[in-house]
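Data first, discussion second: the structure below is written as structure tokens.
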Amino acid sequence: MPDHARRRALAGLTSLAALAAFAPRAPAASPGLTAAQLQADLAFLRKTLADTHPDLRFSVDPAALDAGLAGLAARITDGMTRDAAWALLATINPLFADAHLCVTWPDWRGAVHAHLDGGGTLFPYEVTLDASGLAIDTLLGGAATPLRGARIVAIDGEPAGAVTAALLARVHGDTARFRMHLLGRRWWFYHWKLRGAPASHHLTLTHNGRTWTVFTPASAATPDLLQQEASFERQFSLDFEPDGSAVLTVGSFGPTDPARVQAFLREAFATLRERRTRSLVIDISANGGGDDAVWLDGLLPCLATQPYRTGSTYRKKVLETNAAKGERAGDVVTGEITTWRPPQPDHPLRFAGKVRVAIGPATYSSAILFANVMRDFGFATLAGTGGAARRAQSGGVRNFTLPNSGLALSVPRFVLDPPAGGPPGALLEPDKA
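Heads up: the sequence shown is residues -28 to -1, 1 to 405, going by mature numbering (1 follows the signal peptide of the UniProt record, and there is no 0).
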């Protein structure tokens, strides 16, 4: 690992130790776990990493990881609830520095729905989070509020910076920018899990030179992110600008109804042809990935102008012995992607105009592979916001359950380099204007 990356890892380790002391204020009603049970969960985590991941050095210094895991073991105590176990074990996530490698709450979306259905409430605002701090965007669920843009200085008497740091210490992702964006979109979940669900909040706000305090009830609204994920129309759309250019929004490559998405994409490209559109933006700025087949079958046939492949070199951990391939369980195999896909110049819906792909801090996984292919083979230029995730991606994620706490553990089994290669750790960035 380069020196600067090692320093970041060790800084993250120091932050991990300092912030692990934050514990949930509203412990779960479930019986406490014994220290022996949580030590067994930690041993399971260690073994699963060793058995599944092809090369932890892809994202973390192994020595720093060993120290981080030892630190977790030292802070395990008898009687910890699942919430408390999550609050402790999830502090390893920033050190993992890979959104595919993480300890998370099992079915966190389902947990939020169950909490709300049972009469529970959440933090009352959707927020934005960046280097300048935490700000109100809308009411929880997306309704407008006159407080939009106000910076949150304190939450229930606690400095907002301290609350943010405590929550960020449990968030997974490649970079600080990625984790900050993810926390902003899921603030209501992390705040609930770490700070409980009080009936109301008092917030100190600042905006346009004015500082004041508001008292507001918590909210029972469904968070905007969950509404968006449940709405086909909010994830997939084709819109036209006054100048005739088009924006094709593809918010996910993991839809619940892939056939509907393929039908939508065919109709979209047919509309582009009918309207003789010459400029197209494919917006994947909110696309966290999914199945490569969605874009390999639904987008590239209309866009590719030369043979292409999804990556270049790879490393994979063999999980099951395959005698025909000469692979033994536990081996780490390196190789090169040899499957090249041909362009389809005679495709009836081929788009021959200018293409840009809009990326953002939520672009991840399969969406990054799509962006890599589009740029590396000259099918498009990239626009938007970068610096959040690597061009090389881990994948083949396996999901496990820690045997005693029931917390979720995700571990990738391969690492794929972009088609054009590039320096290790290079981040996905837009092209220069």
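Where a beta carbon is used, it is the ideal one built from N, C-alpha and C, also for glycine.
Computed from a predicted model, the values in this text were never measured in an experiment.
For the options T24, R54, L67, the alpha carbon positioned closest to that of A35 is the one of L67.
Here D38 carries a helix assignment [DSSP, helix/strand/coil]. Taking the CA atoms as reference points, F372 sits about 17 Å from R81. A contact is defined here as three or more CB-CB pairs under 8 Å, and the stretch 110 to 117 fails this definition with respect to the stretch 134 to 147. For L321, the CB contacts under 7 Å within the same chain, skipping 5 residues up- and downstream, are R238, F241, A242, R245, C274 in chain order. In this model, A218 and V329 are separated by some 12 Å (Cα to Cα). Listed in chain order, the alpha helix (DSSP H) runs fully inside the stretch 199 to 251 are 204 to 207, 230 to 246, counting runs of at least 4 residues. K404 carries a coil assignment under DSSP once its states are collapsed to helix, strand and coil. As summarised for the stretch 306 to 351, the continuous beta strand (DSSP E) elements at least 3 residues long and confined to that stretch are 326 to 331, given in chain order. In chain order, P273 place their CB closer than 6 Å to the CB of Q316, counting only its own chain and leaving out the 5 sequence neighbours on each side. The three-state reading of DSSP puts W77 in coil, since its state is none of H, G, I, E or B. Per DSSP, N65 lies in no beta strand (DSSP E) segment; the continuous alpha helix (DSSP H) that holds it begins and ends at 65 to 68. K404 is classed as exposed because its beta carbon has fewer than 16 other beta carbons within 10 Å across all chains shown. Distance between A324 and G307, taken at the CA atoms: about 34 Å. Going by beta carbons, H173 and A190 fall inside the 8 Å limit.
As computed with DSSP, N294 is found in a beta bridge with E299. Between L379 and W77, the gap from beta carbon to beta carbon is short of 8 Å. T221 and K19 have their C-alpha atoms roughly 41 Å apart.
Annotation for R123: the continuous beta strand (DSSP E) segment containing it runs 123 to 127.
R158 has no beta-bridge partner at all, per DSSP. If you check the CB distance, R206 and G223 come in under 8 Å. Between A103 and G121, the gap from beta carbon to beta carbon reaches 8 Å or more.
Here DSSP, grouped into helix, strand and coil, assigns V186 to strand. Residue V305 holds the alpha-carbon nearest to the alpha-carbon of K288 among T188, R313, V305. The beta-carbon distance between R363 and G394, rounded to whole angstroms, is 6 Å. This is short enough to meet the 8 Å contact definition. V266 carries a helical assignment under DSSP once its states are collapsed to helix, strand and coil. Look at the beta carbons and you see the stretch 333 to 350 touching the stretch 255 to 262: at least three pairs across the two are nearer than 8 Å. If the five residues before and after D303 are omitted, its C-beta is found closer than 7 Å to the C-beta atoms of V290, all from its own chain and listed in chain order.
Going by beta carbons, T277 and I309 fall outside the 8 Å limit.
Residue F30 holds the alpha-carbon nearest to the alpha-carbon of V387 among F30, V135, E213.
As DSSP reads the structure, D23 sits in no beta bridge. Under a 10 Å Cβ-count criterion, G332 is classified as buried, with 16 or more other Cβ atoms of the shown protein chains found around its own Cβ. Here P230 has no same chain residue with a Cβ atom under 6 Å from its own Cβ, once five neighbours each way along the sequence are excluded. Contact check for L10 and N376: beta-carbon distance about 7 Å, within the 8 Å limit, so the pair qualifies.
With a 10 Å radius around the Cβ and a threshold of 16 neighbouring Cβ atoms, D196 comes out buried. Shown here, H174 sits in a strand according to DSSP, grouped into three states.
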